[in-house]
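K.L.:
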Amino acid sequence: MASVPSLASTVQQRLADGLSAALPDAASADPLLRRSDRADFQANGILALAKRLKGNPRELATKVVEAIPANDVLKEIEVSGPGFLNITVTDAAIIDTLAARAADARLGVPFDESAGTTVIDYAQPNVAKEMHVGHLRSAVIGAAMVEILEFTGETVVRRHHIGDWGTQFGMLIQYLIEHPHELDHSSEAEVSGEEAMSNLNRLYKASRALFDSDEEFKTRARARVVDLQAGDEETLALWQRFVDESKIYFYSVFDKLDMDIRDADVVGESGYNDMLVETCRILEESGVAVRSEGALCVFFDDVKGPDGNPTPLIVQKSDGGFGYAATDLSAIRDRVQNLKATSLLYVVDARQSLHFKMVFETARRAGWLNDEVKAVQLAFGTVLGKDGKPFKTREGETVRLVDLLDEAVDRATAVVREKAEKVGLTETEIVENGQYVGIGAVKYADLSTSAARDYKFDLDQMVSLNGDTSVYLQYAYARIKSIFGKAGDRTPVAHPELELAPAERALGLHLDQFAETVSEAAAEYAPHKLTAYLYQLASLYTTFYDQCPVIKPEPAKEVAENRLFLCDLTARTLHQGMALLGIRTPERL
C-alpha cells in the first residue's frame, strides 16, 4: 500500500505551496512546522526567511496566508507575534487522515527508504555465570530496537556476544576432568534452567576454591587453558558442555522475559578466535597498531591516563594473549565484510564507552568503518534500588535476574487477581495475564527511561494501575476491547462530516503522530520516545472515555460509530506500539 500522509505532512505541503506562490524567491524554504499547544500546529520558518529577504516577518506571514487557497484541510491560520503562524485543521481532515491510517495494516508507518542492514549486539550473558540485574537492560533495550528497526524495513541481524572464552575455562574444564559427574543431570527428562544453573554454580565455586588453595591444581588448570586455545579435542568437547549447559539456563531466563533468542544468533567471543591473528597482522602492517613494550597497541591523542601519558587500546598482550579489543575488532570485520552490515549497534553498559570509542576509532583507521558503515554504542545507565544506589540484595549481593522477574510476576498476578472477579477471568487467564503484566512492567520501566540515564527499580510503582506504567496502557487496551463486547450491532465507521468534541480532536491528532514517532524512535535508537507516545495515547484515551460516551448514554448512531472508530484505531495503535516494545496486550484484564 502507498504510504499514508500524516496531517503534519499535508499541512506542510499546503504551507510550502503558499510560500512559493507568495514569495517565489523562497520556494525551497522550510516552514518549520511543529505541533503546538496554542493551535494544532505552529510554523516558525517565516522569521528566518524574513531575515534572509530583509523583510518584515508579520507582513511576509500575512502574504503567505493570503496566498493559500481555501481548502478542506486548513480551518484557520492566524498570524501571531512577530510572524508565527498558528494553524488549526478541520475536523474532517483529522478523520479522513485517520481513516486512511486505519485502512493500512501498518497504521501508516512508512518503510524507511534508506533502510540497510543493522547488526545489533545485545543480551550478552557469560557462560557458567548467573545472569543478574545488570543483564536486564541490554536484553530489553536490544530486543525493542530489533522490533522497531525491523518494522521500519531494516534488515536486522541479532548477535548475542556471550562471554564463552578465557582463562577461567581452564579451571572449570580441569575440575570437570577430575570430577566427571558434576554436570550430570538428575534425570533423563528435560533439564530446567534452574537445575542447569545450580550445576554450574556448584562447579564454579568448587573449582575456584580448589584453584585458590591447591598450587598443583592451579598449574594443571593453567596448562588446560593452553590446550583449549590450541584446540585440543577433549578440552574443546568439555568446553562445549559448559556452553550447552549455560544455554539451557540462558534460554530459560530469556523465555521468562518473553524474548525470542535463537541458537544461530548466539556467536560468543570464541566465534572470532580464527580471525584474531589476522586482525592483529592487518592492524600492524597498516600502521594502525604499533608494538609498545612487546604489546600491540593503538594510541589516541585524546585518551590519556591519570599520569598524563597516553592510554592505548591493547589489541595483543606482550605474552601473545588476545584481549577484548582483538575480539571486538574481529567481530566488526566479520559483521561488515561477511554480514554486509551498514550499521553496527552495540547495546552495552555506558561504563564501557571509552573501550568502544577506541575500538570504533581503530576500526575507522583500518577502513572497516567509513561513511557507508557506522558503529554506534547505545549506552545504557545503571539499574538502581529505591534508595538510589546500585541495586543489591539486603546482604549486599547482586540481584539474580530470575528472582527479580519471578517477584514482578507474583506482584502483577496479585494486582490482576484483585480485578479478576469483576471481569470474570478464569484461573488460567489470571496466571497468564500476571505473566504479561509482570514482565511488561519490568520492560516498560526500563524502556520509558532514556537509555543513557540510570533508573530506579521499584516494583510497587511498576505494577501500579496509575501513572506511567505498562499496566495503565494494558488496562486502556483491555477497556477498549470490553467496549466492543458491549457495542452490539454498532461498528466502527469514520464520519468526517461530524463536528468533533475537544477530547476527540486531541485523541485524533495524537493518533496521527504514530508513524512519525516510530520513525523517530528507529532513526535515533530511542525506544523511550515510543513509550512516551503510547503513555500519552492512553492518557488522552482516558480523557476521551470520560468525556465522550460511546455506549451509554447512547449517542446518535453516526456519533457512536465515529467514536467506535477512534476506539478501534487507538486499540490497534496501542497493540502495535506495545508489540514493538516486546510487551503483550491481554484482551481481558
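Whatever position you read off the sequence shown (first residue = 1), add 3 for the working numbering. For every residue, glycine included, the Cβ atom is placed at its ideal position computed from N, Cα and C.
Under a three-way DSSP split, which group does residue 4 fall into?
P.N.:
The predicted model places residue 4 with a pLDDT of 49, which falls under 50 and marks its position as unreliable; any figure quoted below should be read in that light. Of the three classes helix, strand and coil, the one that applies to residue 4 here is coil, per DSSP.
K.L.:
Tell me whether residue 58 counts as near the ligand ZN, meaning its Cβ is closer than 7 Å to at least one heavy atom of that ligand.
P.N.:
Because no ligand of any kind appears in the structure shown, any question about the ligand ZN cannot be addressed here.
K.L.:
Give me whichever residues DSSP pairs with residue 166 in a beta bridge.
P.N.:
Answer by DSSP bridge pairing, in chain order: 129.
K.L.:
So which of 388, 16 and 408 has the shortest CA-CA distance to residue 400?
P.N.:
Out of 388, 16 and 408, 388 has the C-alpha closest to the C-alpha of residue 400.
K.L.:
Please tell me whether residue 339 and residue 376 are closer than 8 Å, where the distance is taken between their beta carbons.
P.N.:
Cβ atoms of residue 339 and residue 376: closer than 8 Å.
K.L.:
Please classify residue 372 as buried or exposed, where buried requires at least 16 other C-beta atoms within 10 Å of its C-beta.
P.N.:
That one is buried.
K.L.:
Counting Cβ pairs, one atom from each stretch, are 3 or more of them under 8 Å apart for the segment 218 to 232 and the segment 176 to 190?
P.N.:
Contact between the segment 218 to 232 and the segment 176 to 190 is present, because at least three Cβ pairs lie under 8 Å.
K.L.:
Per DSSP, what are the beta-bridge partners of residue 383 in this structure?
P.N.:
Note: residue 383 sits in a beta bridge opposite 352.
K.L.:
Please give the ranges of any alpha helix (DSSP H) in the segment 364 to 433, keeping only runs that are unbroken, at least 4 residues long and fully inside the region.
P.N.:
Taking only runs of at least 4 residues, the alpha helix (DSSP H) segments lying wholly in the segment 364 to 433 are 404 to 426.
K.L.:
Which runs of the alpha helix (DSSP H) at least 4 residues long sit entirely within the segment 275 to 363? Give them in chain order.
P.N.:
DSSP runs (the alpha helix (DSSP H)) wholly in the segment 275 to 363: 279 to 288 and 327 to 340.
K.L.:
Would you please state the rounded distance, in angstroms, between the beta carbons of residue 61 and residue 82? I believe it to be under 8 Å.
P.N.:
Correct: roughly 6 Å between the Cβ atoms.
K.L.:
Enumerate, from N- to C-terminal direction, the unbroken alpha helix (DSSP H) stretches of 4 or more residues contained entirely within the segment 46 to 85.
P.N.:
Within the segment 46 to 85, the complete alpha helix (DSSP H) runs of at least 4 residues are 48 to 56 and 60 to 70.
K.L.:
Apply the 10 Å Cβ neighbour rule to residue 280 and answer buried if 16 or more other Cβ atoms are within range, or exposed otherwise.
P.N.:
Exposed, by the Cβ-count rule.
K.L.:
Does the beta-carbon distance from residue 476 to residue 513 come in below 8 Å?
P.N.:
Contact: no.
K.L.:
Using 8 Å as the cut-off, can you tell me whether the segment 129 to 140 makes contact with the segment 392 to 411, which would need three or more C-beta pairs spanning the two stretches below that distance?
P.N.:
Yes, since at least three Cβ pairs between the segment 129 to 140 and the segment 392 to 411 fall closer than 8 Å, the two stretches touch.
K.L.:
Helix or strand or just coil, what does DSSP make of residue 152?
P.N.:
Helix, per DSSP.
K.L.:
What did DSSP end up calling residue 584 once you bin it into helix, strand or coil?
P.N.:
DSSP places residue 584 in coil when its eight states are reduced to three.
K.L.:
I'd like to know if the segment 475 to 493 and the segment 141 to 153 are in contact, where contact means that at least 3 CB-CB pairs between them fall below 8 Å.
P.N.:
Result no; under three Cβ-Cβ pairs closer than 8 Å.
K.L.:
Helix, strand or coil for residue 493? Go by DSSP, reduced to three states.
P.N.:
Here residue 493 sits in coil by DSSP.
K.L.:
What is the DSSP secondary structure of residue 135, counted as helix, strand or coil?
P.N.:
Note: residue 135 maps to strand in three-state DSSP.
K.L.:
By Cβ distance, which residues of its chain are closer than 6 Å to residue 4, with the 5 residues on each side in sequence left out?
P.N.:
Only weak support is given to the placement of residue 4: the predicted model assigns it a pLDDT of 49, under 50, and the value that follows is read from those uncertain coordinates. Cβ within range, chain order: 107.
K.L.:
What is the residue span of the alpha helix (DSSP H) that residue 514 lies within?
P.N.:
Start and end: 505 to 514.
K.L.:
Measuring alpha carbon to alpha carbon, tell me which of 134, 123 and 147 ends up nearest residue 161.
P.N.:
Minimum Cα distance to residue 161 is reached at 123.
K.L.:
Could you say which of 126, 158 and 159 lies nearest to residue 143 if we only look at CA atoms?
P.N.:
Checked all of 126, 158 and 159; the closest Cα to residue 143 is 126.
K.L.:
For residue 582, which of 456, 36, 443 and 14 has the nearest alpha-carbon?
P.N.:
Nearest of 456, 36, 443 and 14 to residue 582, Cα basis: 443.
K.L.:
Looking only at its own chain, which residues have a Cβ that is under 6 Å from the Cβ of residue 206, when we skip the five neighbours before and after it?
P.N.:
So the qualifying residues of the chain are 185.
K.L.:
Would you mind sorting residue 114 into buried or exposed? The rule is 16 or more other CB atoms within 10 Å of its CB.
P.N.:
Exposed: under 16 other Cβ atoms inside 10 Å.
K.L.:
Please confirm whether residue 412 and residue 433 have their CB atoms less than 8 Å apart.
P.N.:
No. Outside cutoff.
K.L.:
What are the boundary residues of the alpha helix (DSSP H) that residue 246 is part of?
P.N.:
Looking at the DSSP string, the run of the alpha helix (DSSP H) that includes residue 246 is 236 to 259.
K.L.:
Going along the chain, which residues of its own chain have a beta-carbon closer than 7 Å to the beta-carbon of residue 588, five neighbours each way excluded?
P.N.:
477, 480, 577, 578 and 581.
K.L.:
Kindly indicate which residue of 369, 52 and 41 has the alpha-carbon position closest to the one of residue 33.
P.N.:
Nearest of 369, 52 and 41 to residue 33, Cα basis: 52.
K.L.:
So, at 6 Å on beta carbons, what are the nonlocal neighbours of residue 344 in its own chain, with the 5 sequence-adjacent residues on each side left out?
P.N.:
These residues qualify, in order along the chain: 120, 122 and 338.
K.L.:
Residue 89 bridges to which residues according to DSSP?
P.N.:
45 and 81, per the DSSP bridge assignment.
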